[in-house]
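Participant:
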DNA sequence: GGAAATATTGCGGATTACGCAATTTTAGGT
DNA sequence: ACCTAAAATTGCGTAATCCGCAATATTTCC
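Residue numbers (our numbering), protein chains in the order written: chain A, 1 to 209; chain S, 1001 to 1209.
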């Protein structure tokens, strides 16, 4: 019996996680189908079969729900990165993390990927989406610090690396969306990360001397 | 007769800008004094002497208003950076930009600076605050691209530099707040930027070869 | 199986977002 | 100075939210 999800102790925890995910998927799907502002909390709750009041126990608004899937994935980034072999070059580990983080976009239908990205780029979702990227960045900062044997509260390097990686991801996503037809997100991400790796010096690899 | 503010063509434009700034200052001040969630749109509008409906013509919610000042400043970052002498090292220009961007925190009372930073770090303002940092980043990307003779739509370097700078700023602000008493924000910013400059290779300065 | 802990739900009130149409204010030519 | 078109402000009305509180239902664990 393998453990896939985090703890998920009893039935209680598992149901909570399931409800949260159901709400988030429903919210995203409905936003893709009908447009973000034509989705009501009431509709999302009805779709999942809970009361609107219960929706608000999980998310404080529909934007949070729509980005919930991405947020959860971002939070798990730290353990994903730390699960890579410790002797692997850091940039390789980061590449694995990033590709895994966005692999859904290749697995599922391209159409759906593009449309979901369009949703995330809608102005009303901007703030919420930025929160998810901030989560991803924080997650990476902690993992990178650990991998480099540094302290995220003291050393700046992990923050700079994570900042550069996050910026690279955003650019890659943007350019992928701008190509027609948008396919092979993986290639865009790989190229962007390679350039980031060239542009950022890891401690002990500084260019002077 | 020197031109201080952007165009500001006629009375009409100037009044709009004045109203926007008045609303934003009022919103921030009231948030500092009473707490973010004890500020109502109605109160802000009353303070400035406009109707609540007019408030909504300028800002779509109170969080936007509270961050309005910072947003406006971020948008102007591009021209600030580009106003530096072209032969100045890029990192020096960036340092000037950043110090200028946060100089208010040294000019005005330390007490006020700390409390306003506390407001910006409140969770309900997180999304809106991240929007302002995204604006600053975008502003820097465009200016840096121009300074380096690159194209922000094609080259990744400006994004990486801006990402690293933004990360450095955040860390510096955070550490400044954590020291007691919090003073000399400038020193924190300078140190963080110096480290960023060491960690990031500008094109034509890459370490290989 | 039963008591304690936790989650869900309905209700109610305060706040908000925004379209629309009426009113007021400004700009620019004569 | 006036006059008219353009633009900003405002009040009103409506749908939608957010969230505290108390009641109910479900799960846990002994």
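For glycine and all other residues, C-beta sits at the position ideal for the given N, C-alpha and C.
Would you kindly report the start and end of the unbroken alpha helix (DSSP H) that includes residue 19 of chain A?
Facilitator: Run containing residue 19 of chain A: 11 to 34, per the alpha helix (DSSP H) assignment.
Participant: What residue does the alpha helix (DSSP H) around residue 142 of chain A start on, and which one ends it?
Facilitator: First-last of the alpha helix (DSSP H) with residue 142 of chain A: 126 to 148.
Participant: I'd like to confirm the pairing. Which residues does DSSP put opposite residue 1200 of chain S in its beta bridges?
Facilitator: Bridge partners of residue 1200 of chain S: A:200.
Participant: Is residue 55 of chain A helix, strand or coil when you go by DSSP?
Facilitator: It is helical.
Participant: Please compile the residues from chain S whose C-beta is within a distance smaller than 9 Å of the C-beta of residue 188 of chain A.
Facilitator: Those within 9 Å of residue 188 of chain A in chain S number zero; the least Cβ separation is about 11 Å.
Participant: First and last residue of the alpha helix (DSSP H) that includes residue 1041 of chain S?
Facilitator: Counting along the chain, the alpha helix (DSSP H) containing residue 1041 of chain S begins and ends at 1041 to 1048.
Participant: Do we get a CB-CB distance below 8 Å when we pair residue 160 of chain A with the residues of chain S?
Facilitator: True, the Cβ-Cβ gap to chain S drops below 8 Å.
Participant: How would you label residue 1001 of chain S, buried or exposed, when you count the other beta carbons within 10 angstroms and need 16 or more for buried?
Facilitator: Reliability of the predicted coordinates at residue 1001 of chain S is poor, the pLDDT of 36 falling under 50, and the value obtained from them is presented with this limitation in mind. Per the 10 Å Cβ criterion, exposed.
Participant: So, at 8 Å on beta carbons, what are the nonlocal neighbours of residue 1050 of chain S in its own chain, with the 5 sequence-adjacent residues on each side left out?
Facilitator: Excluding positions up to five away in sequence, the list reads 1019 and 1023.
Participant: Around the Cβ of residue 1180 of chain S, are there at least 16 other Cβ atoms within 10 angstroms (buried) or fewer (exposed)?
Facilitator: Label assigned to residue 1180 of chain S: exposed.
Participant: With a threshold of 8 Å between beta-carbons, can residue 168 of chain A be considered close to chain S, or not?
Facilitator: It does; some Cβ of chain S falls within 8 Å.
Participant: In whole angstroms, what is the alpha-carbon distance linking residue 1185 of chain S and residue 1173 of chain S?
Facilitator: When rounded, the distance between both Cα atoms is 7 Å.
Participant: Taking only beta-carbon positions, decide if residue 1150 of chain S is within less than 8 Å of chain A.
Facilitator: Residue 1150 of chain S does not count as touching chain A.
Participant: Looking at residue 1156 of chain S: is its Cβ nearer than 8 Å to the Cβ of residue 161 of chain A?
Facilitator: Taking 8 Å as the Cβ cut-off, residue 1156 of chain S and residue 161 of chain A do not qualify as a contacting pair.
Participant: Between residue 214 of chain A and chain S, is the shortest Cβ-Cβ distance under 8 Å, so that the two count as touching?
Facilitator: Residue numbering for chain A in the displayed model covers 1 to 209; residue 214 of chain A lies beyond these limits and cannot be assessed.
Participant: What first and last residue would you give for the alpha helix (DSSP H) that runs through residue 154 of chain A?
Facilitator: Per DSSP, residue 154 of chain A belongs to no alpha helix (DSSP H) and is neither H nor E.
Participant: Kindly say whether residue 1049 of chain S, judged by its beta-carbon, lies nearer than 8 Å to any beta-carbon of chain A.
Facilitator: Answer no: the Cβ-Cβ gap between residue 1049 of chain S and chain A never drops below 8 Å.
Participant: Is the distance from the Cβ of residue 1140 of chain S to the Cβ of residue 1202 of chain S below 8 Å?
Facilitator: Not closer than 8 Å, so no.
Participant: Note down the Cα distance separating residue 1120 of chain S from residue 1126 of chain S, rounded to an integer number of angstroms.
Facilitator: Taking the straight line joining both Cα atoms gives about 7 Å.
Participant: What does a CB cutoff of less than 7 Å around residue 102 of chain A pick up in its chain, not counting 5 residues either side in sequence?
Facilitator: Excluding residues within five positions, the ones whose Cβ falls inside 7 Å are 185 and 189.
Participant: So, using beta-carbon positions, are residue 65 of chain A and residue 54 of chain A closer together than 8 Å?
Facilitator: No; because the gap between Cβ atoms is not below 8 Å, this pair is not in contact.
Participant: Going by C-alpha to C-alpha distance, which of A:73, A:195 and A:58 sits closest to residue 15 of chain A?
Facilitator: For residue 15 of chain A, the nearest C-alpha among the options comes from A:58.
Participant: List the residues of chain A whose Cβ lies closer than 7 Å to the Cβ of residue 1126 of chain S, in chain order.
Facilitator: Here the neighbours are 131.
Participant: Answer with yes or no whether the minimum CB distance from residue 1097 of chain S to chain A is below 8 Å.
Facilitator: It does not; no Cβ of chain A falls within 8 Å.
Participant: Comparing C-alpha positions only, which one of S:1038, S:1077 and S:1060 sits nearest to residue 1138 of chain S?
Facilitator: It is S:1077 whose Cα lies nearest to the Cα of residue 1138 of chain S.
Participant: So, helix, strand or coil for residue 1236 of chain S, using DSSP?
Facilitator: For chain S, the structure presents residues 1001 to 1209; residue 1236 of chain S sits outside this window and is missing.
Participant: Go ahead and pull the three-state DSSP assignment for residue 37 of chain A.
Facilitator: In this structure, residue 37 of chain A counts as helix in the three-state DSSP scheme.
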